[in-house]
Structures are given as C-alpha cells and as structure tokens.
Amino acid sequence: TAGMRVAQIVTVLAIFGIIGMAIMPRSPIRGDGSARARLRMWILCVDIVRGNPIFGAGPHSFRRAWPDYGIRYGYAYTQFQDPHSIYFTVLSDDGLAGTAALSIFILGLLGQSLRSVRNSKSESLGSLQAGYLLGIANFAVNDLVDTALLLPSIQMILLAWTGFLLNSGSITSANSSPEV
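Shown next as structure tokens:
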C-alpha cells in the first residue's frame, strides 16, 4: 500500500541521515560533551543494576547515585535527574524485569501496529496508520537517548495513537460491510 511505501522511504532516509551524521566532522553523534556525559550516565546505570539485577534499585536510583559518581569524572557541578534514556532509567530503577516488560510492551505495540497497517483495506487509512506507526517507532528510537516517554503529554499521545491503530481494523471492517 501507499502507507507502507511511505514508511519504507522514511526509514531509508533516516538510515542515510544517521550515516551522514556519523561521518560529518562536527556531528552531534561523534563524541561531543553531551555524548560523553550520556555514556558515563549509562555506565552508572549498568553499575546500579549489577547490585540489583532482577528488580533494580528502586525509583530515582540514578538520581541518588549520580552525585558521588559524577564527581569522579568531572561532573561535580552537574546534577542530572535521569540518564537521558528511558531504557537505562527503567534498567536502573526496575532491573531486568522492568526492562523486559517495557521492551515487550514497545515491541508488541510496534508489531500490532505493523499488522494493522498491513491488513488495512483502505489506502488512505493505511497511510494514516503508517504515519502513526512511524510516530511510535520514532518515540521508541528517540528514547534511546532521551526520556520523552516520561512526559504525561507524550504518554497520552501514544495511548491515543495506540487506540486508533488497534481500532482501525474494526473501522475498515465496518466501512466495507454492506448496508442494511
């Protein structure tokens, strides 16, 4: 369908964009201060989860551990609230169990959304579904280096998109059924 073609084109463009940023001399992903700080934060999260691998160290474990850890690496005056990654936040707070649950939820949502797009009988609805699917995938990838999913407004948008994608199969069925 047209929606799948749009999704494929956007995916290819995103891959080329990432490759382009990786080879640019002053690229944001080639090791600026932000990237180094994130790497230190993520290493701390792995250290935290080593002490509590199954269920993590509890809420705000990163925030509690950062001051002592940050001083050792030159971040004495920088107070980070979270490790700038939803996945590392969940890993340190909720351990492997929480990370597995989040991963299953996101992968299940993406899989169900992709099935909904593939099974769409309407080209215009399929394009809309593909757009929503790309939006959900964008949040999933963006949150490798950010924590947008912690914002209530983003959660509401994702829930609305999820409801639309899960309900769109019944919309197409209702539209294709004969009138009585």
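Residue numbering for the sequence shown follows the working numbering, starting at 186 and increasing by one per position. Just so you know, even glycine gets a beta-carbon here, dropped at the ideal spot from N, CA and C.
C-beta atoms of residue i and residue j nearer than 8 angstroms
| i | j | result |
| --- | --- | --- |
| Ser-277 | Ala-315 | no |
| Thr-347 | Leu-294 | yes |
| Thr-332 | Asp-267 | yes |
| Ala-222 | Tyr-260 | yes |
| Val-326 | His-269 | no |
| Phe-240 | Ala-282 | yes |
| Leu-335 | Ile-289 | no |
| Leu-343 | Phe-324 | yes |
| Cys-368 | Phe-265 | The structure shown does not extend to residue 368, since the chain is modelled only from 186 to 365, so the question has no answer here. |
Residue from the options with nearest C-alpha to residue i
| i | options | result |
| --- | --- | --- |
| Ala-345 | Ala-220, Ile-321, Ile-271 | Ile-321 |
| Met-226 | Ala-286, Asn-237, Ser-307, Ile-256 | Ile-256 |
| Phe-349 | Leu-318, Asn-323, Asp-328, Phe-324 | Leu-318 |
| Glu-302 | Tyr-258, Ile-339, Val-197, Asn-352 | Correcting the residue type first, residue 302 is Val in the shown sequence and not Glu. Nearest option by C-alpha distance: Asn-352. |
| Val-195 | Ser-312, Ile-339, Ser-338, Ser-305 | Ser-312 |
Which full runs of the alpha helix (DSSP H) of 4+ residues lie inside the stretch 283-356, going along the chain? 308-327
May I ask you to verify whether the stretch 277-290 touches the stretch 234-250, counting CB pairs closer than 8 angstroms and requiring at least 3? yes
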